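Here's the structure, in structure tokens; my notes come after.
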Amino acid sequence: MGLAALARVDALAWIAAFTSISIAIGFRTYSIGQITLVAIVPAVGFVAGFVAISRIDSGSFDDSIGSLAPKLYQAFEQNQSVLTGGNDEAAYRQARKLFGTPDDNQGSVFRAILKNPSAFWLRIVTNSKNLPNLYLSAFDKRVGPMLLIFAGLGIVALIRRGAYGMLVISMIWALPSAYYLGFLSRHVVATVTYLPIVFASIGFTYAFRRDLPRSELTAYILAGLLLIGYSWIDDKPAFLAAGSY
1358 MGLAALARVD
1368 ALAWIAAFTS
1378 ISIAIGFRTY
1388 SIGQITLVAI
1398 VPAVGFVAGF
1408 VAISRIDSGS
1418 FDDSIGSLAP
1428 KLYQAFEQNQ
1438 SVLTGGNDEA
1448 AYRQARKLFG
1458 TPDDNQGSVF
1468 RAILKNPSAF
1478 WLRIVTNSKN
1488 LPNLYLSAFD
1498 KRVGPMLLIF
1508 AGLGIVALIR
1518 RGAYGMLVIS
1528 MIWALPSAYY
1538 LGFLSRHVVA
1548 TVTYLPIVFA
1558 SIGFTYAFRR
1568 DLPRSELTAY
1578 ILAGLLLIGY
1588 SWIDDKPAFL
1598 AAGSY
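Quick note, the sequence shown lines up with residues 1358 to 1602 if you use the working numbering.
As structure tokens, then:
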């Protein structure tokens, strides 16, 4: 719930999702009212405090959804830049040609999308194709591949332990990130690619556990040596980092 509260504009959606998960897990032991109270009150309190401080700092106390609409529509138009080579001015022009002006759509992103859903879908497809590059730009070419290797091991560890609930919850946690395929900005990439970090931490501790069988340890060492060898042959620093770890 703390992570939900810290999720910036996604906080309210995360709080609802995590509360639902908490109820699904604990309803046999605790009443739904107890679970809801314990889950929601701290998270809402945290978000309310953040909003209050933000409003005091900015001097604006307009809490209506309408106050966010212009910024949301601006982000919608600006993110057309994925199809204009990163040129913001060209993005605004192209977005208004494809979806209409903010006045035409009365400031509604939904109305704009419904006017030309195929153009919006093309933006999603383009962003999806570019995710590997954005991922590497967020985590670096040396660290990114290593992170994915340990993340894969983390998933294997959860499956071996029978922790399917944890695996499913983690996947649910990542679902809202699909929103950014339509409203993707480079500065949010590191935020929405947190799942590899979570799984990699599990994989890392699993690989270095005390009761690691000798055969498995040998396999890890051989895999590491192969990665290091390949990095020297093909001059790939990422594989050197992964193999060294």
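Beta carbons are placed, not taken as given, at the ideal position from N, Cα and C, and that holds for glycine. Here the structure is a predicted model, which is why all the values come from computation and not from measurement.
Please state whether DSSP places residue 1502 in a helix, a strand or coil.
As a working note, residue 1502 is residue 145 in the sequence shown. Helix, per DSSP.
Could you give the distance in angstroms between the alpha-carbon of residue 1436 and the alpha-carbon of residue 1462?
The residue labelled residue 1436 in the question sits at position 79 within the sequence shown. The residue labelled residue 1462 in the question sits at position 105 within the sequence shown. Taking the straight line from one Cα to the other gives about 17 angstroms.
Is residue 1507 buried or exposed, if buried means 16 or more other CB atoms sit within 10 Å of its CB?
Here residue 1507 corresponds to residue number 150 of the sequence shown, with the count starting at 1. Counting Cβ neighbours within 10 Å, residue 1507 comes out buried, since at least 16 surround it.
Report the rounded CA-to-CA distance for residue 1561 versus residue 1501, giving the unit in angstroms.
Translated into positions along the sequence shown, residue 1561 becomes position 204. Translated into positions along the sequence shown, residue 1501 becomes position 144. The straight-line gap from Cα to Cα measures roughly 14 angstroms.
Using a Cβ-Cβ cut-off of 8 angstroms (strictly less than) and excluding sequence neighbours within five positions of residue 1529, which residues of its own chain qualify?
Reading the sequence shown from its first residue, position 172 is the one you call residue 1529. Answer for residue 1529: 1374, 1378, listed in chain order.
Among the residues of its own chain, which have a CB less than 7 angstroms from the CB of residue 1455, if the five just before and after it don't count?
On the sequence shown, position 98 is the one that residue 1455 refers to. Cβ neighbours of residue 1455 beyond the five flanking positions: 1473, 1476.
Over what stretch of residues does the alpha helix (DSSP H) that includes residue 1535 continue unbroken?
Mapped onto the sequence shown, residue 1535 falls at position 178. Segment: none, residue 1535 is in no alpha helix (DSSP H) and carries neither H nor E.
What are the start and end residues of the alpha helix (DSSP H) that includes residue 1496?
What you label residue 1496 is simply residue 139 of the sequence shown in a count that begins at 1. Run containing residue 1496: 1474–1496, per the alpha helix (DSSP H) assignment.
Give the single residue among 1448, 1395, 1465, 1371 whose Cα lies nearest to the Cα of residue 1427.
For this step, residue 1427 is matched to residue 70 along the sequence shown. Ranking the options by Cα distance to residue 1427, first place goes to 1465.
Buried or exposed: residue 1483, going by 16 or more other Cβ atoms within 10 Å of its Cβ?
Position 126 of the sequence shown, counted from the start, is the residue given in the question as residue 1483. Classification of residue 1483: exposed, given that the 10 Å Cβ count is below 16.
Count Cβ pairs between the stretch 1513–1524 and the stretch 1552–1568 that sit closer than 8 angstroms; are there 3 or more?
yes
According to DSSP, is residue 1569 helix, strand or coil?
For the purposes of this step, residue 1569 is identified with residue 212 of the sequence shown, where counting begins at 1. Coil.
Could you spell out the range, first to last residue, of the alpha helix (DSSP H) harbouring residue 1440?
Counted from its first residue, the sequence shown places residue 1440 at position 83. No alpha helix (DSSP H) contains residue 1440, which DSSP labels as neither H nor E.
Leaving out five residues on either side along the sequence, give the residues of the same chain with a beta carbon under 7 angstroms from the beta carbon of residue 1448.
Here residue 1448 refers to the residue found at position 91 when the sequence shown is read from its first residue. The answer, listed in chain order, is 1434, 1435, 1437, 1438, 1441.
Pull up the distance between the alpha-carbon of residue 1422 and that of residue 1429, whole angstroms please.
Position 65 of the sequence shown, counting from 1, holds the residue named residue 1422. Position 72 of the sequence shown, counting from 1, holds the residue named residue 1429. Any answer about residue 1422 is weak, because its pLDDT of 45 lies below 50 and its placement is not dependable; what the coordinates show is given next. Spanning the two alpha carbons is a distance of roughly 10 angstroms.
Use the C-beta contact count for residue 1496: other C-beta atoms within 10 angstroms, 16 or more gives buried, fewer gives exposed.
Residue numbering aside, residue 1496 sits at position 139 when the sequence shown is read from its first letter. Result: buried.
What are the start and end residues of the alpha helix (DSSP H) that includes residue 1561?
As a first step, residue 1561 must be located in the sequence shown, where it is residue number 204. Bounds of the alpha helix (DSSP H) holding residue 1561 are 1552–1564.
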